[in-house]
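S.K.: The opening position of the sequence shown corresponds to residue 2 in the numbering used here, with each subsequent residue numbered one higher. Heads up, the beta-carbon is just placed ideally off N, CA and C, and yes, glycines get one too. All of these numbers come straight from a predicted model, not from anything done at the bench.
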Amino acid sequence: LSACCAQVLWMRAQLTDYGFHFDKIPMHCDSKAAIAILCNPVQHSRTKHIDVRYHFIKEKVERGIVELFFVRTEYQLADLFTKALPVESFKYLVRRLGMRCLTPAELEALANESD
2 LSACCAQVLW MRAQLTDYGF HFDKIPMHCD SKAAIAILCN PVQHSRTKHI DVRYHFIKEK
62 VERGIVELFF VRTEYQLADL FTKALPVESF KYLVRRLGMR CLTPAELEAL ANESD
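Structural data, given as structure tokens:
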């Protein structure tokens, strides 16, 4: 989550340089515990052991730069790029992203189309 946050903030800085402005950046996480810790303004003794990278995200949430949302694991679109998935899950996520799998014949037709 922290690496994603850092990359999103970098992209935000780049887009801001091009004249695009954003209020809050939505980030989707499949861990209710992580969201609860990051969105809770009170620091408990049980969270002292948490890695520094979570404090980075917590600061961004508190400053209103990033907004965290819960998404169920089976609907986490990023899993398509980061995990080995069962065929049905893979096909579902591909459809959700609006992607499609092209057959070799379709690829050849597209290649010939541009000539």
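Measuring CB atoms only, is the segment 55–69 touching the segment 16–30, in the sense that at least three cross pairs come out at less than 8 Å?
M.R.: Touching, per the Cβ criterion.
S.K.: Quick check: the Cα distance between R97 and E60, rounded to an integer number of angstroms?
M.R.: 31 Å
S.K.: Considering only the alpha carbon of each residue, which of R64, E63, G65, L86 lies closest to T1?
M.R.: The chain is shown only over 2 to 116; residue 1 falls outside these bounds and no answer can be derived.
S.K.: With a cut-off of 8 Å on the beta carbons, I'd call F82 and S3 a contact; round off their distance for me.
M.R.: Your pair F82 and S3 does not check out as a contact, with CB atoms roughly 18 Å apart and the cut at 8 Å.
S.K.: Would you mind reading off the limits of the alpha helix (DSSP H) that contains I36?
M.R.: Membership of I36 in the alpha helix (DSSP H) is indicated by the continuous run 33–40.
S.K.: Give the secondary structure of V62 by DSSP, where H, G and I count as helix, E and B as strand, and everything else as coil.
M.R.: helix
S.K.: Quick one: grab the DSSP three-state call for L78.
M.R.: In this structure, DSSP gives L78 a state outside helix and strand, which the three-state scheme calls coil.
S.K.: Nearest to A35 by CA position, among A110, K25, V62, is which residue?
M.R.: V62
S.K.: Taking the alpha carbon of Y55 as the point to measure from, which residue in G65, L39, R64 has its own alpha carbon closest?
M.R.: L39
S.K.: Identify whether F91 lies in helix, strand or coil by the three-state DSSP scheme.
M.R.: helix
S.K.: Going by DSSP, what residue range makes up the alpha helix (DSSP H) through M12?
M.R.: 3–18
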